[in-house]
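Written out below as structure tokens is the structure these notes cover.
Protein chains: 2
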Amino acid sequence: MAKDWSPDGFILDLDGTVYTGSRPIPGAAEAVAYLRAKGKRIVFLSNRGNISRRMCRERLEAIGIPCEAEDIILTSSVVSRYLAEHEPDARVWVLGEQGLRDELAAHGVRFAARPQEADRLVVTLHETLTYAELNDAFRAVRAGARIIATNADRTFPGEDGEAIDVGGLLAALTHTTGTEVDTVVGKPSPLMAEAALDRLGLPPERCMVIGDSLASDIAMGRRMGLRTALVLTGSATREAAMALDEAERPDWILDSLADIRRLLEEMER
Amino acid sequence: MAKDWSPDGFILDLDGTVYTGSRPIPGAAEAVAYLRAKGKRIVFLSNRGNISRRMCRERLEAIGIPCEAEDIILTSSVVSRYLAEHEPDARVWVLGEQGLRDELAAHGVRFAARPQEADRLVVTLHETLTYAELNDAFRAVRAGARIIATNADRTFPGEDGEAIDVGGLLAALTHTTGTEVDTVVGKPSPLMAEAALDRLGLPPERCMVIGDSLASDIAMGRRMGLRTALVLTGSATREAAMALDEAERPDWILDSLADIRRLLEEMER
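So, in structure tokens, the structure goes:
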């Protein structure tokens, strides 16, 4: 990396980077406060689609990171905006939790009364999933609903270890229906990066994305021309990062978000 | 088919052939009574792994088909016998319902106390599945448990339409863990056909399998040298059957099990 570069904007992943479930990553709140004190702009960008921005903001404030709801970009809000803008007449069936329904309703998206009447199935993480709900989603797809997913991550770092993410639910649906997923909103999709850069008001080359997922955070950053830093507090290991081709590897590997201070000091020395 | 052949033994599928959920297929009970009156031997062979033979026997009796528990061959009993015989020291974790646990316990199979301690994950249909249970199964596999499944059918004919079968749960697990399924007990596996022929006490060339699934019933019959008849009261259509290569096509296609009487009368005329 060029010695004379340092970022003006930061796109911070949440699960596995800032917190793990309800537990903060040690030093994360201090790192965010430090960046803000240095005048850096920050948005939080998560593939979580099962919570609303309001719920997420409360979670961040509980661990000492105050922010505006607009500084939080979740797949629940991005998928809602996408549907409202591109498919305003679509009736949707939701496989997901209330947080997603709240965001969809807030964007004026219409809900189907029965799975068989849906034009779109919206899938997100659903930690209270039941077989009956999975089956309703299956029936929506069999009746012709196209699948839009908040994200396609296979796993996420849960409070008591790695857990099945949306990718697992999608695999169950695509395998049993023979229908592929139509649209994935979440990282590494450009939809997410564009929403983040919009909010930051900065060009990609002035920004750094920091996250724990090679497939989501780092891949998105690489694709969009952002600088990338992997943290080792979540899904990925240093070995997995180093095993990638150079073009896919993160620019930096940090033990945790707390190390961003040291990295920035080195850059700006 | 040779005009001079008629079967001595019948292997009858259950879901979609004899009943659909709790509803009998019209004429099925009469067909079974007719075959018995003709001195034909009958076993019932189902990929269901979420019920015990006792539960299944009660269900058959409720629709007018009395039988011995030993005339019912389910994947729950076959997987239990398989594990007891081949892996007596294995500790298993179950993704499935009480019926499977009952059969495993009856065969002396040992249960792991935690997913992480399991040598084997046994997966079956689970109509009250929750995310937490799916996640426990995921954790068992991540910790090294090999996957054995009662069956790998993608869908089954439920009371209110096609529903997600074990194949969907397996897809969620294999996609998120990167681990393939080790053993599938159910049709078309020879384990099932062998159990059925054992009970009938007949060689395969004297027997006919009747079922609604091309991938399970007909494929198993073809593979094991049994004559095969597809019924159109479940998963498959006539068109799907005719689209297969001749070597995979059923020998006969019946609108329903009730038509076995007419077929047998033609054979024996």
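Sequence lines, in order, name chains A and B.
Just so we're aligned, residue -14 is where the first sequence starts under the numbering used here, counting upward by one.
Just so we're aligned, residue -14 is where the second sequence starts under the numbering used here, counting upward by one.
Cβ atoms here follow ideal geometry from the backbone N, Cα and C, with glycine treated the same way.
Chain order gives no chain B residues near Thr2/A, where near means a beta carbon separation below 7 Å; the closest approach is about 20 Å. Closest in C-alpha terms to Asp183/B, from the list Ala122/B, Ala18/B and Ile27/B, comes Ile27/B. Per DSSP, reduced to three states, the secondary structure at Ile238/A is strand.
Rounded to the nearest whole angstrom, the C-alpha separation of Glu55/B and Arg38/B is 8 Å.
Nearest neighbour of Pro(-8)/B by Cα position, chosen from Gln101/B, Leu20/B, Arg191/B and Arg234/B, turns out to be Arg191/B.
With its beta carbon less than 7 Å from one in chain B, Gly153/A belongs to the interface. Neighbours of Thr161/B in chain A, taken as residues at a C-beta separation under 8 Å, are given in chain order as Arg139, Thr140, Ile149, Asp150, Gly152, Gly153 and Ala156.
Judged by beta-carbon spacing, Pro142/B lies within the 7 Å limit of Thr5/B, meaning their Cβ atoms are closer than that value.
Pairing Tyr116/A with Leu114/B gives a Cβ-Cβ distance under 7 Å. Per DSSP, the unbroken alpha helix (DSSP H) holding Asp87/B starts and ends at Gln83 to Ala91. Using a CB distance below 7 Å, the part of the stretch 104 to 120 of chain B facing chain A consists of His111, Glu112, Thr113, Leu114, Thr115, Tyr116, Leu119 and Asn120, ordered along the chain. Just measuring C-alpha positions, the residue of Leu242/B, Val170/B and Val151/B sitting nearest Pro9/B is Leu242/B. Secondary structure of Leu59/A (DSSP, three-state): strand. Under the three-state reduction of DSSP output, Cys192/A falls in the strand class. In this structure the stretch 57 to 71 of chain A touches the stretch 162 to 177 of chain A; the number of beta carbon pairs closer than 8 Å is three or more. For Tyr4/B, the pairing in a beta bridge is given by DSSP as Asp0/B and Pro9/B. Taking C-beta atoms as the reference points, Thr2/B and Val216/B count as a pair closer than 7 Å.
Closer than 7 Å to the CB of Phe29/A there is not a single CB belonging to chain B. Rounded to the nearest whole angstrom, the CA to CA distance from Ala156/A to Leu248/A is 39 Å. For Arg44/B, the enclosing alpha helix (DSSP H) begins and ends at Arg38 to Ala47. Cβ-Cβ separation between Asn35/A and Ile149/B: approximately 21 Å, too far for a contact (criterion under 8 Å). Taking 4 residues as the shortest admissible run, the stretch 156 to 185 of chain A contains the following complete alpha helix (DSSP H) segments, listed from N- to C-terminal end: 175 to 185. Around the Cβ of Ser31/B, a 10 Å sphere holds 16 or more other Cβ atoms; the residue is buried. For a Cβ distance threshold of 9 Å, nothing in chain B lies close to Gly81/A: the least Cβ distance comes to about 11 Å. For Ile203/B, there is no enclosing beta strand (DSSP E), as DSSP gives it neither H nor E. Residue pairing by DSSP places Val107/A opposite Val79/A and Ile133/A in a beta bridge.
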